[in-house]
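Just add 417 to the spot in the sequence shown (first one is 1) and you have the numbering used here. Inspection log for the structure reproduced underneath, given as structure tokens.
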Amino acid sequence: MSLADVQTALRAGFFSLLVADGVLQSLLGSDRIFEAPPRAEAFPYLVLEALETRPLLAEIGEGAVHALSLSVFSRERSRDEAASAAGRAAEVLMNGPIALTGHRLVNLTMTTISSRRLRDGRGYRATSSLRAVTEPLT
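What follows is the structure in structure tokens.
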């Protein structure tokens, strides 16, 4: 088992929950959840901005700690749309059973939620950051 394998399993588990949530789909619209920022895509949309994985202990096979950031981009004049969708995405992950191939989710906590104006001044970006701990199934 490598850290990349764990990260792939976590990412797949997160995405399957997010795309299946009807409330999140109603906030964003259908097919609005992406692995990377889309080109010329309509707003709003959600992107997995960062996923950092490191060993929990000295041995990789003993578990992993993950830092995850999900961001919602919106062209609305207030931050409400982006913040609502980012908050819902975190809620879905915190409450849903996350199926991980070959691994078990030990802990998942929300660390921060933030929002800020986009650089072009024409909308907002809201980010939910989470911390997860996984261990291999053996």
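Ideal placement from N, C-alpha and C gives every residue a C-beta, glycine not left out. Computed from a predicted model, the values in this text were never measured in an experiment.
Terminal residues of the alpha helix (DSSP H) in which residue i lies
i	result
residue 437	420-437
residue 531	No alpha helix (DSSP H) contains residue 531, which is instead part of the beta strand (DSSP E) from 520-534.
residue 510	497-512
Residues near residue i in its chain [Cβ-Cβ closer than 8 Å; skip 5 each side]
i	result
residue 539	492
residue 532	496, 499, 500, 503, 541, 542, 543 and 544
Residue i - partner residues in DSSP beta bridges
i	result
residue 539	Residue 539 pairs with nothing; no bridge assigned.
residue 488	464 and 544
residue 553	520
Cβ pair residue i, residue j closer than 8 Å
i	j	result
residue 509	residue 445	no
residue 471	residue 462	no
residue 485	residue 546	yes
residue 426	residue 517	yes
Same chain, Cβ closer than 7 Å to residue i, five either side skipped, listed in chain order
i	result
residue 521	551, 552 and 554
Own chain partners of residue i with C-beta closer than 6 Å, once the 5 adjacent residues on each side are dropped
i	result
residue 455	none
Collapsed DSSP secondary structure at residue i in the structure displayed
i	result
residue 476	coil
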